Structures are given as structure tokens and as C-alpha cells.
Amino acid sequence: MADVAAGRRRWLAALATAPLARAGAATATLAAALAAALSATRAHAEGVSDDALRRATGPDWAPWRGGATPALDLPALDGTAHTLAQARGQVVLLSFWASWCEPCRDEFPEMAALVREQAGRGLRLWAVNHGESRPRIDAFLARFPLPDTVLHDRNGTAARDWRVLGMPANYLVDRKGRLRYWHLGALDWRRPAVVAAVTSLLDEPA
């Protein structure tokens, strides 16, 4: 048990420090803000079992076993408020990202392609930026455009509520507003099992 606990601490420490190492030229203020936010999510992770973390960081989606669906109330870049209640009847792919996150950049094109392909069936992408400035967000989106809605988690509250322990962090919410699947880290959006989880929720009635 001690070895498992020690391994878990090392894993969480790596999650917390890797994004800062990748940030490179980020200002001291931004780095401090990221460190504080990740420290908070690391502490929050103590409520997540080792088995849940292993499943959520595997190659496929993991069923959500973390209790009730967390609340979500965030502004889009135009200031419009978005809540999950507004998306009832649709399947929402909630993706937490940041401009310094290399795996986020890597997975966005394939994720966006899937969203465009399935949009007619009711798939929505809500891409949640984690605590960055509007100029930084705009510069990123100019290089990596997304097909749907970008939300702004200015102070990291949503990231803590949704147990975002590293980025990208992706969540699938069904047509009834229930969180069904989650994954920490980049996904292969061409992998049949990954796509099947999405289409299975689209097949369900509202």
C-alpha cells in the first residue's frame, strides 16, 4: 500500500510540474498562477481512487464513477453564459485545454474533425481554456481553430470541480446532462473505441 501511495504522489507531482516545464517563455506571473491552480487540483485529486486514475489515463474513455455531474457555468469568449442545462438534448464533449499544452495542440485537429462529422447528430464541443489571457487564447485559436464554442475558466474553478489533473482533460456528457465518460491526457480520436463511445451516446434518445 505504501508503494502505491508513493507512486501516486510521484504521478501527481509529474502532472503538476510537466506543464510548467513546457510553458517555456511564460511570465513569472503566469507560471505562479498555473502552479497555484495545479496545486489545488492535486489536492482535490486525493478524492480520486488509484483505479479511477489508471482507467482515466488509459488509451480509451473511462466510465465516470465520481458521483453526480459537476456544475458548469462559464462564459464564452463573447461573454455569453453557458451551462449544461442549456445543452440538454445534445451530447457535449467538454475539453479542458491551455495554449502551452502540447498534447492539446496535437489532438485538436482530429477532435475537431470528429465534431464536424457528428455535429448534425447533436455533438457539441465546448473547449474550456484554463485561466489564460484573452490575447493568448486568440493567438492560439488563430493557429488551431475550433469548430464550436470556447469557454473561459478564468480562475480554475471549473477545472477543480471537474477533477482536471492535467491537460488535455476530456469529458462526455449525454443528452440528459449526465457525465458518462472522462479521460485525462490526449486521446487518439481515430481509435475505434474512442469514437464508439461518442457515437453510442449520440444513438441514445434525448
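If you use this note's numbering, the sequence shown closes out at 764, no skipped numbers anywhere.
Every residue, glycine too, gets a C-beta built ideally from N, C-alpha and C.
The model shown is predicted, which means the values in this text are computed figures rather than measured ones.
- Would you identify the three-state DSSP class for Ala645, choosing helix, strand or coil? On the sequence shown, residue 645 is found 87 positions in, with the first residue counted as 1. Helix at Ala645.
- Under 9 Å between the Cβ atoms of Leu642 and Gly735? Here the question's residue 642 lines up with position 84 in the sequence shown. Here the question's residue 735 lines up with position 177 in the sequence shown. Closer than 9 Å, so yes.
- Taking the C-alpha atoms as reference points, what is the distance between Glu660 and Ala764? By 1-based counting over the sequence shown, the position of residue 660 is 102. By 1-based counting over the sequence shown, the position of residue 764 is 206. For Glu660 and Ala764, the distance between alpha carbons rounds to 35 Å.
- Task: Give me the Cα-Cα distance between Ala645 and Trp658, rounded to the nearest whole angstrom.
- Result: Position 87 of the sequence shown, counted from the first residue, corresponds to residue 645. Position 100 of the sequence shown, counted from the first residue, corresponds to residue 658. Whole-angstrom Cα-Cα distance: 29 Å.
- Item | Nonlocal neighbours in the same chain, by C-beta distance under 6 Å from Trp747, ignoring five residues either side | Within the sequence shown, the letter at position 189 stands for residue 747. Taken in chain order, the residues that qualify are Glu668, Met669, Leu672.
- Query: Would you call Asp696 buried or exposed, if buried means 16 or more other Cβ atoms sit within 10 Å of its Cβ?
  - Reply: Residue mapping note: residue 696 aligns to position 138 of the sequence shown, counting from 1. The C-beta of Asp696 has fewer than 16 other C-beta atoms within 10 Å across all chains shown, which makes the residue exposed.
- Task: In angstroms with no decimal places, state the Cα-to-Cα distance between Tyr739 and Pro693.
- Result: The residue given as residue 739 occupies position 181 in the sequence shown. The residue given as residue 693 occupies position 135 in the sequence shown. Near 32 Å, if we compare the C-alpha coordinates of Pro693 and Tyr739.
- Straight-line Cα distance separating Pro703 from Gly765: In the structure displayed, the chain extends from 559 to 764; residue 765 sits before or after that span and is not available.
- Message: Contact defined as beta carbons within less than 8 Å: I believe Val686 pairs with Phe654. What is the distance between those atoms, to the nearest angstrom?
- Response: Translated into positions along the sequence shown, residue 686 becomes position 128. Translated into positions along the sequence shown, residue 654 becomes position 96. Their Cβ separation, rounded to whole angstroms, is 5 Å, which keeps Val686 and Phe654 in contact under 8 Å.
- Under a three-way DSSP split, which group does Asp711 fall into? The residue labelled residue 711 in the question sits at position 153 within the sequence shown. Three-state result, Asp711: strand.
- Cα-Cα separation, Gly743 to Glu762: Locating residue 743 in the sequence shown gives position 185, where the first residue counts as 1. Locating residue 762 in the sequence shown gives position 204, where the first residue counts as 1. Between Gly743 and Glu762, the C-alpha separation is close to 26 Å.
- Own chain, CB closer than 6 Å to Leu635, minus 5 neighbours either side, in chain order: Position 77 of the sequence shown holds residue 635. Only Val708 meet the Cβ criterion.
- Message: What does the Cβ neighbour count give for Ala754, buried or exposed, with the cut at 16 atoms within 10 Å?
- Response: For this step, residue 754 is matched to residue 196 along the sequence shown. So Ala754 ends up on the exposed side.
- Message: So, with DSSP's three-state summary, where would you put Ala751?
- Response: Taking the sequence shown and counting its residues from 1, one reaches residue 751 at position 193. Three-state DSSP puts Ala751 in a helix.
- Message: If I follow the unbroken alpha helix (DSSP H) through Ala764, where does it start and stop?
- Response: As a first step, residue 764 is located in the sequence shown; it is residue number 206 there, counting from the start. No alpha helix (DSSP H) contains Ala764, which DSSP labels as neither H nor E.
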